[in-house]
Amino acid sequence: MIAGTIGKPRELLSKRGNPYYVFELDDGRRAIRVVSFGNTLCKAGAYATVEGRFRKVKRQGQETVYNEVEAYRITCR
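Numbering (our numbering), first residue to last: 675 to 751.
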């Protein structure tokens with residue numbers, strides 16, 4: 675579990691047309707990219723806790739993403 679402030683939130687659509695959310699979670703020392711499928715996104719500046727799977731390297735087709743959390747539970751405060 676990680677916690678911090680939501681920054682740079684974006685709602686996107688997958689290639690199949692499913693909505694997902696991408697944002698940065700900042701704990702005051704560093705920020706990490708979080709991807710969330712199916713969870714409602716907290717507003718920018720909100721404090722949140724995130725439970726999920728951390729991936730140091732994720733390859734998807736020709737795209738490579740580093741240091742990302744795929745969230746399965748987000749709690750806004």
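Here a beta-carbon is modelled for each residue, glycine too, at the ideal position from N, C-alpha and C. The model shown is predicted, which means the values in this text are computed figures rather than measured ones.
Query	Result
Beta-carbon contacts of T749 that lie in its chain and below 7 Å, excluding the five residues immediately before and after	A722, T723
Three-state class that DSSP yields for T679 in the structure shown	strand
Inter-residue spacing [alpha-carbon to alpha-carbon] between E698 and K717	12 Å
Alpha carbon of S688 to alpha carbon of Y694, nearest angstrom	7 Å
For S688, three-class secondary structure by DSSP	coil
Cα-Cα separation, V696 to Y740	14 Å
DSSP beta-bridge partners of G726	A745
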